[in-house]
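For the sequence shown, the working numbering gives the first residue as 762, with consecutive numbering after it.
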Amino acid sequence: MVPQSAVALALADTLLSRDNSITAMAAAAAWAFDAPLPWMPGLCAAIVERCGAHFHSFSRQELAAIILEHEAFRAAFAPGKPPPQIVRYCIDAPILPPSPPWLSALALPALPGVGDLARWLDARPDELEWLANKWRVPLTVETPLQHYHYRWVAKRSGGSRLIEIPKKRLRLIQRKILRGILDLVPPHPAAHGFRRGRSCVTHAALHTGRQVVLRMDLKDFFPSIPASRIQAMFAVLGFSSGVAGVLARLCVNRTPTGAVRTSPAALSFAERHALRTPHLPQGSPCSPALANACAYRLDLRLDALAESMQASYSRYADDLVFSGGSELARALDRFHIQVAAIALEEGFQVNTRKTRTMRQGTRQEVTGVVVNRHANVARAQFDELKAVLTNCVRHGPESQSRAGRENFRAWLTGKVAYVAMVNPARGARLEKLLHAIVWP
762 MVPQSAVALA LADTLLSRDN SITAMAAAAA WAFDAPLPWM PGLCAAIVER CGAHFHSFSR
822 QELAAIILEH EAFRAAFAPG KPPPQIVRYC IDAPILPPSP PWLSALALPA LPGVGDLARW
882 LDARPDELEW LANKWRVPLT VETPLQHYHY RWVAKRSGGS RLIEIPKKRL RLIQRKILRG
942 ILDLVPPHPA AHGFRRGRSC VTHAALHTGR QVVLRMDLKD FFPSIPASRI QAMFAVLGFS
1002 SGVAGVLARL CVNRTPTGAV RTSPAALSFA ERHALRTPHL PQGSPCSPAL ANACAYRLDL
1062 RLDALAESMQ ASYSRYADDL VFSGGSELAR ALDRFHIQVA AIALEEGFQV NTRKTRTMRQ
1122 GTRQEVTGVV VNRHANVARA QFDELKAVLT NCVRHGPESQ SRAGRENFRA WLTGKVAYVA
1182 MVNPARGARL EKLLHAIVWP
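Pasting the structure below:
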């Protein structure tokens, strides 16, 4: 008796060699079995429903696994029941290899086909194809088929950054992907950005009281991560090639030519090319978690490099920080070159103009937090905020709201809360002043 798995593999090979119409698929199956089978059109319809109309991106093993789940197929090949005659080749091979223990522990949703993904996202398969821009809509700003808004913002270090904001429907789907899949995938412990329980303060606190602090920056962190890398990441998480492709296209974007041309600053060829090809958009809910996942090997290798120098390493988004003692201080001349080489091998590029070496005796600052002895805000920043609060108490808040802020009270509250997060003692002093202000 031919095993069910062997028949399913042979049938998958036959269906993948035909077009996607149910009639053509049923005819191909009748050829494989040398006779029409009454349950075959239902099986073909179920395949199209679960995988989408364009299921040819699935491998034979993935499609065979879906065939094996169909009730009519299992009934036709039930043990002890004479099976339908199949006259073509059958190879008894495993359908899919077992998931590794670490992947099973993540308890990710089971989404074998695009149809399953569409139901999980409360969408239709054709809607997902449209949102994923599968058919490469022409890149013009004016077309309503674009799924993003575009806005250029100035960087503090100079130049401009493009913020790509997904529209409502796509944003809802991306948030579900984030909550249902990406939040279940833990990043490397060295990653402190975009994680619950981590912040710029926890990132900076690792580097307090060190002889030397080295700060490096990754260039174009989000745009440098291409769609192929995102699809490969979803495939590593156990999703089929078809599902991984749709998930990747839902999370990446190609910036329209018109939006690129509106940049207030001149862009290099590499920057334009990164935006014009599918990349992680800065502004999408999924991008931070995907960036952390794609940087896992980078964090792993840089953490091992730092450990070899008895140093500490942490990353906050594109900000890489190393700190250590005399061993790191002696090796700095070659250490930053090794970091840049590892980053390049992992698909990233270090912005050498932003590399900073901070030794004892100078102000050591990480993500805006001073770390010479302990995590602290800069003295000038604290004194300026304290002066504003004191003047608000003495002369009223109207005398200090000179920048035309819509909610000056909320702005002040946020500034004080930040200081309290970094340095609770200093924050308590500012909170007393804040509570003493008489608001109109």
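Ideal Cβ positions, reconstructed from N, Cα and C, are used throughout, including at glycine.
* To do: Under 7 Å Cβ to Cβ from VAL902, same chain only, skipping five residues before and after it: list those, please.
  => Residue placement at VAL902 is poorly supported in this model, since its pLDDT is 45, which falls under 50; the coordinates are not used for a value here.
* At 4 residues or longer, and completely inside the stretch 927–951: list those alpha helix (DSSP H) runs for me, N to C. => Complete alpha helix (DSSP H) runs here, min 4: 929–941.
* First and last residue of the uninterrupted beta strand (DSSP E) at TRP913 -> That run of the beta strand (DSSP E) goes 909–915.
* Collapsed DSSP secondary structure at GLU1107 in the structure displayed -> If DSSP states are grouped into helix, strand and coil, GLU1107 belongs with coil.
* **TRP800 to PRO859 span [Cα, whole Å]** => Spanning the two alpha carbons is a distance of roughly 29 Å.
* Sheet register partners of THR1038 (DSSP bridge) -> Assignment of beta-bridge partners to THR1038 by DSSP yields no partner.
* **Run of the beta strand (DSSP E) containing MET994, from where it starts to where it stops** => Where MET994 is concerned, there is no enclosing beta strand (DSSP E), although the alpha helix (DSSP H) it sits in stretches over 988–997.
* By DSSP, does LEU804 sit in helix, in strand, or in coil? -> Correct three-state label for LEU804: helix.
* **Buried/exposed call for ILE942, threshold 16 Cβ in 10 Å** => With 16 or more neighbouring CB atoms inside 10 Å of its own CB, ILE942 falls in the buried class.
* **Residues near GLY1086 in its chain [Cβ-Cβ closer than 6 Å; skip 5 each side]** => Closer than 6 Å at Cβ, skipping near neighbours: GLN972.
* Asked: Three-state secondary structure (DSSP) at ILE783?
  -> DSSP places ILE783 in helix when its eight states are reduced to three.
* **GLU890 versus GLY813, ARG1076, THR1128, residue with shortest Cα-Cα distance** => The shortest C-alpha separation from GLU890 is found at GLY813.
* To do: Starting from LEU1063, trace the alpha helix (DSSP H) both ways and give me its first and last residue.
  => Here the alpha helix (DSSP H) through LEU1063 covers 1057–1069.
* Asked: Which one of GLU1106, LEU1008, ALA789 has the shortest CA to CA distance from ASN894?
  -> The candidate whose alpha carbon is nearest that of ASN894 is LEU1008.
* Asked: Are the beta-carbon atoms belonging to ILE938 and LEU1011 less than 8 Å from one another?
  -> Yes, the pair counts as a contact, with Cβ atoms nearer than the cut-off.
* When DSSP labels each residue in this structure, what does LEU1008 get in the three-state scheme? -> Helix.
* Residues sharing a beta bridge with SER921, DSSP -> Answer is ALA915.
* To do: Figure out for me which residue from PHE1109, ARG1124, TRP792, GLY1108 has the closest Cα to the Cα of HIS968.
  => When the alpha-carbon of HIS968 is set against those of PHE1109, ARG1124, TRP792, GLY1108, the nearest one is in ARG1124.
* With respect to the alpha helix (DSSP H) encompassing PHE1169, which residues constitute its N-terminal and C-terminal limits? -> Going by DSSP, PHE1169 is part of the alpha helix (DSSP H) stretching over 1169–1183.
* To do: With DSSP as the reference, label VAL848 as helix, strand or coil.
  => In this prediction, VAL848 has a pLDDT of 43, which is less than 50 and means its spatial position is unreliable; what the coordinates show is noted afterwards. Of the three classes helix, strand and coil, the one that applies to VAL848 here is coil, per DSSP.
* C-alpha distance - ALA1181 paired with VAL962, whole-angstrom precision -> Each residue's Cα considered, the two are about 11 Å apart.
* Nearest-angstrom Cα separation, counted from THR1113 out to SER1029 -> Each residue's Cα considered, the two are about 16 Å apart.
* Just the C-alpha distance for ILE986 and LEU1041, rounded to the nearest angstrom, thanks. => Taking the straight line joining both Cα atoms gives about 6 Å.
* Taking the alpha-carbon positions, what's the ARG1166 to PRO1158 distance? -> Inter-residue distance for ARG1166 and PRO1158 is about 12 Å (C-alpha atoms, whole angstroms).
* **Which of helix, strand or coil DSSP assigns to THR1123** => Residue state, collapsed to three classes: coil.
* Asked: Do three or more CB pairs link the stretch 1048–1057 to the stretch 977–996 at distances below 8 Å?
  -> The answer is yes - the stretch 977–996 touches the stretch 1048–1057, with three or more Cβ pairs under 8 Å.
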